[in-house]
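*Asks:*
Residue numbers (full-length UniProt numbering): 1 to 584.
1. Is the region 127-134 close to the region 201-221, with three or more CB pairs under 8 Å?
2. Use the C-beta contact count for residue 109: other C-beta atoms within 10 angstroms, 16 or more gives buried, fewer gives exposed.
3. Cα-Cα, which of 388, 387 and 342 is closest to residue 369?
4. Per DSSP, what kind of secondary structure is residue 409 in: helix, strand or coil?
5. May I ask you to verify whether the region 375-390 touches the region 303-320, counting CB pairs closer than 8 Å and requiring at least 3?
6. Which partner residues does residue 178 have in the DSSP bridge list?
7. Flag this pair as yes or no: are the beta carbons of residue 243 and residue 264 separated by less than 7 Å?
8. Note the first and the last residue of the continuous beta strand (DSSP E) segment covering residue 18.
9. At what residues does the alpha helix (DSSP H) containing residue 583 begin and finish?
10. For residue 93, which option in 440, 334 and 45 has the closest C-alpha, if you only look at C-alpha atoms?
11. By the 10 Å Cβ neighbour count, where 16 or more other Cβ atoms means buried, how is residue 365 classified, buried or exposed?
12. What's the gap between the Cα of residue 472 and the Cα of residue 550?
13. Using DSSP's beta-bridge definition, name the partner residues of residue 166.
14. Please list the segments of the beta strand (DSSP E) lying wholly inside the region 242-281, counting only runs of 3 or more residues, in order along the chain.
15. In three-state DSSP terms, what is residue 467?
16. Would you tell me roughly how many angstroms separate the C-alpha atoms of residue 55 and residue 487, rounded to the nearest one?
17. State buried or exposed for residue 247, treating a residue as buried only when at least 16 other CB atoms are found within 10 Å of its CB.
18. Just to confirm, are residue 321 and residue 233 a CB contact at a threshold of 7 Å?
19. Quick check: is the beta carbon of residue 156 nearer than 7 Å to any beta carbon in chain D?
20. If I measure Cβ to Cβ from residue 508 and keep anything under 8 Å in the same chain, skipping five residues before and after, which residues do I get?
21. Per DSSP, which one or two residues make a beta bridge with residue 71?
22. If you drop the 5 nearest sequence neighbours on each side, which residues of the same chain put their C-beta closer than 8 Å to that of residue 118?
23. Could you pull out every residue in the same chain whose Cβ sits closer than 7 Å to the Cβ of residue 182, ignoring the five residues on either side in sequence?
24. In the DSSP assignment, find the unbroken alpha helix (DSSP H) run with residue 138 in it and report its ends.
25. If you run the structure through DSSP and keep just helix, strand and coil, what is residue 203?
26. Are three or more beta carbon pairs between the region 28-37 and the region 326-337 nearer than 8 Å?
27. For the alpha helix (DSSP H) holding residue 547, just list the boundary residues, first then last.
28. Taking DSSP's pairing of strands, which residues face residue 57 in a bridge?
29. For a test of the three-state rule: what should DSSP assign to residue 486, helix, strand or coil?
30. Going by CA-CA distance only, name the one from 239, 524, 42 and 80 that's closest to residue 360.
31. For residue 407 versus residue 266, is the C-beta spacing smaller than 7 Å?
32. Pick helix, strand or coil for residue 232, following the three-state DSSP scheme.
33. So, with DSSP's three-state summary, where would you put residue 512?
34. Check this for me: beta carbons of residue 171 and residue 154, under 7 Å apart or not?
35. For residue 461, which of 335, 193 and 481 has the nearest alpha-carbon?
36. So, helix, strand or coil for residue 131, using DSSP?
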């Protein structure tokens, strides 16, 4: 017996799932899914089969002929949930679990009409990363085991379901509609994804469309109009796109992430709608995941950097191809700053700042940070610099081909790299990135003329001439570099000259609010309180709640804001904010 993933009950001696047939009825009144999951195994086997579940109400388990199978649902463990152990008779290859989800399922958020753009219909969406799929479907919830699936969702007839899969058909039955989907490529369970609401779509290109509530559709279509060029640039770098379509879904404000790379249907936060396409690098990131993460996957959360480090590297290569090296360097500088902040945040847990983590007994949501993203990017940049871009590009394509539709560990990455780029890992001291805390002093640093110009203006009030060609990324870098002892007169003049408190760009706004409040300039405090009620994206909630909670004067403001808005946040975001306030 061996459990290769510390966040799954999966036992490597037991048979693996090959396909999932999932049927679910969406009940907005009770906030439950009434469902059944039919698992087909890769091989027939007798003995126990352990599945991951969280807060599922198991109604029964049967074989392909409908005969009951014995099972035991164990008491829940804090991180893993409950093990569902099913005893398989000899020769069994298929079984069905009948169950319903909990109203508090950690992967699901049920929104009332008032929490949507239209205000007339409810909305439901899933977010299964990292280990939340088990709260929706009983399965082997580890990225080690990829599955193909078919699904049917019964929803109120006036609503539309969308799924990260290929649409097959819609049938209407009285007051309900049943919509059928199929995912022909094998995916890790955390990429199971769907949403239900008042949704409509608009084509963006021959392989892409955007879905949104009708009230937000035109703005979303305009903001993401360049997605086809992005897709072509990515293919020129990383090879053919293996998922047929790259559709986008604009989420409600409570979506906790910037984006989620669900194959065929990327979920995106509405905070990207800035009106000037300045935040679409998030789309480039999620598109890059189509190769690094979705196509080649980390074997468990302990190897998360293999998803995110590679994807940040790929995202910046796409940005460089579309907008030039100066823009890519600006984004790399932002990334380095977020990495330094994450290292400071985890200073009491330095073991979590290595790329190859050991997470037994650690919730992957609590270990989540920018470290695997940005430190992983730095390792890959160091390797690229060491061997040269043409050589590294060839290595990257061979890596993607070797592990296509598979999951791997850091140790397998090291063996592959040693074989393909002999001596390169030692040359860049890869062990310092992979297994030691912090960042090696020799790590690459972004350089560009625009970065040098920003550094000269640090802590000052720049002129209109200085800033006339600034991108939102430059504004963000400038604001995030403001010294904490900057005088309040500087902040007052900055806001008077550039109206930063009124910025429509969420990245610029949050950078301004955090810098101002950290320095004791309280004029934008009211806007910070408003903003905490407008968004649910953790990238914004965490720094704003942190800066408020760290101030004795503003701690009550932070707690009052959470009391007012916490119920609107996704459970993952709510947990993160509660942790910040508990530690304050």
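Quick reminder that beta carbons are idealized off the backbone N, C-alpha and C, glycines included.
*Replies:* Looking at the atomic coordinates:
1. no
2. buried
3. Of the listed residues, the one whose Cα sits closest to residue 369 is 342.
4. coil
5. yes
6. 154 and 171
7. yes
8. Run containing residue 18: 17-27, per the beta strand (DSSP E) assignment.
9. 571-583
10. 45
11. When all chains shown are included, residue 365 counts as buried.
12. 27 Å
13. By DSSP's assignment, residue 166 forms a beta bridge with 182.
14. 247-250 and 265-268
15. helix
16. Residue 55 and residue 487: Cα-Cα distance of roughly 52 Å.
17. It is buried - the Cβ of residue 247 has at least 16 other Cβ atoms within 10 Å.
18. yes
19. Any reference to chain D falls outside this structure, which holds one protein chain only.
20. 472, 475, 476, 479 and 500
21. 86
22. Excluding sequence neighbours, residue 118 sits near 198, 213, 214 and 215.
23. 150, 165, 166 and 168
24. No alpha helix (DSSP H) contains residue 138, which DSSP labels as neither H nor E.
25. strand
26. no
27. 538-549
28. 100
29. coil
30. 80
31. No. Outside cutoff.
32. helix
33. helix
34. no
35. 481
36. coil
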